[in-house]
Amino acid sequence: MERSDLELVERVLSRGDESAFRELYRRHSPVLFRLAVRLLGGSDSDAGDVLQEAWCRAFEGLRRFSGGSSLRTWLGGVVVNCSREHIRTRAQSRSLPSAGLASPPAGPGPEREMDVRRALAALPEGFREVLVLHDVGGYTHEEIALALDIAPGTSKSQLSRARRALRSELADAPSEEQA
Amino acid sequence: MTEDDDPLSPEQLSALRGPKSPPASLEEATIARLRGMGVLRKPGLVVRPLPGFLALCGSFLLGLAVWPLFPALHAGDSRPQFLLLLYGEPQRRPGQGHRDEYVAWARRLAARGQLGGDGELTGEVDVLKKTVPVEGAEEPLGFFVLRASDRAEALKLSMGCPHLRYGGRVELRPFVVRPGPS
Numbered sequence: 001m002e003r004s005d006l007e008l009v010e011r012v013l014s015r016g017d018e019s020a021f022r023e024l025y026r027r028h029s030p031v032l033f034r035l036a037v038r039l040l041g042g043s044d045s046d047a048g049d050v051l052q053e054a055w056c057r058a059f060e061g062l063r064r065f066s067g068g069s070s071l072r073t074w075l076g077g078v079v080v081n082c083s084r085e086h087i088r089t090r091a092q093s094r095s096l097p098s099a100g101l102a103s104p105p106a107g108p109g110p111e112r113e114m115d116v117r118r119a120l121a122a123l124p125e126g127f128r129e130v131l132v133l134h135d136v137g138g139y140t141h142e143e144i145a146l147a148l149d150i151a152p153g154t155s156k157s158q159l160s161r162a163r164r165a166l167r168s169e170l171a172d173a174p175s176e177e178q179a
Numbered sequence: 180m181t182e183d184d185d186p187l188s189p190e191q192l193s194a195l196r197g198p199k200s201p202p203a204s205l206e207e208a209t210i211a212r213l214r215g216m217g218v219l220r221k222p223g224l225v226v227r228p229l230p231g232f233l234a235l236c237g238s239f240l241l242g243l244a245v246w247p248l249f250p251a252l253h254a255g256d257s258r259p260q261f262l263l264l265l266y267g268e269p270q271r272r273p274g275q276g277h278r279d280e281y282v283a284w285a286r287r288l289a290a291r292g293q294l295g296g297d298g299e300l301t302g303e304v305d306v307l308k309k310t311v312p313v314e315g316a317e318e319p320l321g322f323f324v325l326r327a328s329d330r331a332e333a334l335k336l337s338m339g340c341p342h343l344r345y346g347g348r349v350e351l352r353p354f355v356v357r358p359g360p361s
């Protein structure tokens with residue numbers, strides 16, 4: 001029987017149970033990693049750093065986790081915060097679009113991947129965060145509101161505007177025209 | 180307005196989500212770091228909580244490095260002692276030899292007779308109130324025992340602790356050791 005997040009957290013905090021942590025890690029990391037990749041502009045290496053930092057910070061703060069929101073929502077908020085810090089640090093030496101485009105995309109459809117990165121990089125930070133949490137992470141507006149400390153209505157309006165902007169960016173991309 | 184009344188096309192969504200998954204090595208690296216923070220314990224290690232007190236497993240790694248430099252147990256040294264407690268995981272990039280800096284700092288203090296000892300706190304911490312665990316207390320990662328003529332000198336020594344450069348927090352507390360009843 002699958003153990004709940006809270007049960008696993010309790011085992012990690014009270015016993016340092018590594019197997020419980022592995023279960024949590026494997027349950028949540030795929031989505032958290034995808035969030036980080038898109039928030040950061042596509043660099044897998046940076047996303048790995050952010051994911052590791054997020055887990056460590058999460059467990060520094062988990063003793064204060066009240067269970068008021070789901071662990072998934074809470075972890076999403078930690079990834080967003082770590083990504084913001086990472087972007088700010090990186091911005092001191094280079095810009096977001098060039099940072100995300102610097103590492104060559106792997107796998108099929110590299111041109112399309114580059115289009116997506118460019119389109120995301122062109123979005124304002126708040127729009128990008130809402131869009132990524134909703135459309136990449138599958139978070140609801142209520143969960144996004146909790147994770148980002150904004151109103152659900154703000155999340156809805158930002159998602160709508162972010163999608164419009166993303167469509168426009170993708171439509172302007174050369175590979176979109178060729179498709 | 181519904182939750183999803185203006186969705187991206189399936190093709191756009193697929194491109195946005197991508198097939199990405201974290202590298203396999205990241206799980207082990209994260210676990211190793213959490214072990215270093217004292218959050219995780221190697222499988223099979225059983226901890227028996229000690230009621231009413233901290234269950235501390237001492238790992239005197241720094242001590243091994245600086246112990247040979249200690250004056251002979253500071254016999255006859257009447258200067259006040261201060262406990263320098265280290266809080267917060269040091270923020271560092273992989274590969275940085277931050278521990279070397281701690282050791283070098285401790286060696287300098289020891290050479291000047293300003294270090295009474297040091298240690299790294301590892302393992303489980305149980306803070307109990309009657310039988311109910313108390314949560315939320317921040318736990319120190321390690322400590323140094325400083326010897327200084329007064330609090331001002333101890334503060335000055337503390338300011339040089341590498342832990343502050345790595346974003347950690349330190350706490351300085353004077354203490355005295357009283358001999359137990361014979």
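Protein sequences appear in the order of chains A and B.
In case it helps, the numbering used here puts the first sequence at residues 1 to 179.
In case it helps, the numbering used here puts the second sequence at residues 180 to 361.
In this text, a Cβ means the ideal position worked out from N, Cα and C, and glycines have one as well.
This structure is a prediction, so every number in the text was calculated from the model and none was measured.
Own chain, CB closer than 7 Å to residue i, minus 5 neighbours either side, in chain order
i                            : result
glutamate 350 of chain B     : Leu264 and Tyr266
proline 269 of chain B       : His277, His342, Tyr345, Gly346 and Gly347
phenylalanine 127 of chain A : Gln158, Arg161, Ala162 and Ala165
glutamate 129 of chain A     : Leu39, Val80 and Leu148
glycine 339 of chain B       : Trp284
aspartate 185 of chain B     : none
Three-state class that DSSP yields for residue i in the structure shown
i                         : result
valine 356 of chain B     : coil
glycine 215 of chain B    : helix
glutamine 191 of chain B  : helix
leucine 265 of chain B    : strand
glycine 295 of chain B    : strand
leucine 62 of chain A     : helix
leucine 131 of chain A    : helix
aspartate 185 of chain B  : coil
proline 30 of chain A     : helix
glycine 339 of chain B    : coil
leucine 123 of chain A    : coil
isoleucine 318 of chain B : Note that residue 318 of chain B is glutamate in the sequence shown here, rather than isoleucine. Three-state result, glutamate 318 of chain B: coil.
arginine 3 of chain A     : coil
aspartate 44 of chain A   : helix
aspartate 17 of chain A   : strand
arginine 326 of chain B   : strand
glycine 258 of chain B    : One point to set straight first is that residue 258 of chain B is arginine, not glycine, in the sequence displayed. Arginine 258 of chain B falls in the coil class under three-state DSSP.
Short Cβ contact (7 Å threshold) for residue i with residue j
i                            : j                           : result
leucine 336 of chain B       : leucine 320 of chain B      : no
glutamine 170 of chain B     : glycine 292 of chain B      : Beyond the ends of chain B as shown, which are 180 and 361, falls residue 170 of chain B; an answer cannot be given.
leucine 51 of chain A        : valine 9 of chain A         : no
arginine 214 of chain B      : serine 328 of chain B       : no
alanine 283 of chain B       : aspartate 297 of chain B    : no
phenylalanine 354 of chain B : leucine 205 of chain B      : no
arginine 57 of chain A       : valine 78 of chain A        : yes
valine 12 of chain A         : lysine 199 of chain B       : no
alanine 47 of chain A        : phenylalanine 33 of chain A : yes
glycine 153 of chain A       : leucine 35 of chain A       : no
alanine 194 of chain B       : arginine 112 of chain A     : yes
Residue of the options minimising C-alpha distance to residue i
i                            : options                                   : result
arginine 3 of chain A        : A:Gln158, A:Phe21 and A:Thr154            : A:Phe21
glycine 76 of chain A        : A:Met114, A:His134 and A:Ser168           : A:His134
glycine 41 of chain A        : B:Ala211, B:Leu219, B:Gly197 and B:Glu299 : B:Gly197
serine 14 of chain A         : B:Ala327, B:Ala331, B:Gln191 and B:Leu219 : B:Leu219
serine 43 of chain A         : A:Asn81, A:His86 and A:His141             : A:His86
leucine 131 of chain A       : A:Leu146, A:Arg161, A:Glu111 and A:Arg72  : A:Arg161
serine 29 of chain A         : A:Glu113, A:Arg117 and A:Arg72            : A:Arg72
serine 168 of chain A        : A:Thr89, A:Leu123 and A:Trp74             : A:Leu123
valine 356 of chain B        : B:Ala290, B:Met216, B:Ala194 and B:Asp256 : B:Asp256
arginine 212 of chain B      : A:Arg90, A:Phe59, A:Asp115 and A:Ile150   : A:Phe59
aspartate 172 of chain A     : A:Met114, A:Tyr139, A:Ile150 and A:Cys82  : A:Met114
alanine 145 of chain A       : A:Ser45, A:Trp74, A:Asp49 and A:Arg26     : A:Trp74
serine 19 of chain A         : B:Glu207, B:Ala290 and B:Ala203           : B:Glu207
alanine 333 of chain B       : B:Leu192, B:Gly359 and B:Leu288           : B:Leu288
phenylalanine 323 of chain B : B:Ala331, B:Arg352 and B:Arg330           : B:Arg352
alanine 121 of chain A       : A:Arg27, A:Cys82, A:Arg26 and A:Leu170    : A:Leu170
Sequence-distant residues of its chain with Cβ nearer than 8 Å to residue i (five each side left out)
i                         : result
serine 70 of chain A      : Asp5 and Glu143
lysine 156 of chain A     : His141
isoleucine 210 of chain B : Leu219
leucine 187 of chain B    : Leu195
aspartate 49 of chain A   : His86
Close-in-space but distant-in-sequence residues of the same chain around residue i (CB under 6 Å, 5 per side omitted)
i                        : result
leucine 166 of chain A   : Ala119
leucine 24 of chain A    : Leu8
alanine 251 of chain B   : Below a pLDDT of 50, predicted positions are generally treated as unreliable, and alanine 251 of chain B, at 44, falls in that range; no measurement from the model is reported.
glutamate 280 of chain B : Pro341
Closer than 6 Å: residue i CB and nearest the ligand GDP heavy atom
i                      : result
alanine 147 of chain A : Absence of the ligand GDP is noted for the structure shown, with no ligands found whatsoever.
- Query: Going along the stretch 333-346 of chain B in order, which residues come within less than 9 Å of chain A, judged by CB to CB distance?
  - Reply: none
- Message: Please identify, using Cβ separations under 7 Å, the residues of the stretch 181-206 of chain B that lie next to chain A, in order along the chain.
- Response: Glu182, Asp185, Leu187, Gln191, Leu192, Ala194, Leu195, Arg196, Gly197, Pro198, Lys199, Ser200, Pro201, Pro202, Leu205 and Glu206
- Item | Contact set between the stretch 43-60 of chain A and chain B, restricted to residues whose Cβ is under 8 Å from the partner | Asp44, Ala47, Gly48, Leu51, Gln52, Trp55, Cys56, Phe59 and Glu60
- Closer than 8 Å, Cβ to Cβ, to anything on chain E: give me those residues from the stretch 133-144 of chain A, in chain order. Reference to chain E is not applicable here, since the protein chains of this structure are A and B.
- Message: Can you pull out the residues from the stretch 209-222 of chain B whose beta carbon lies closer than 9 Å to at least one beta carbon of chain A?
- Response: Thr209, Ile210, Arg212, Leu213, Arg214, Met216, Gly217, Val218, Leu219, Arg220, Lys221 and Pro222
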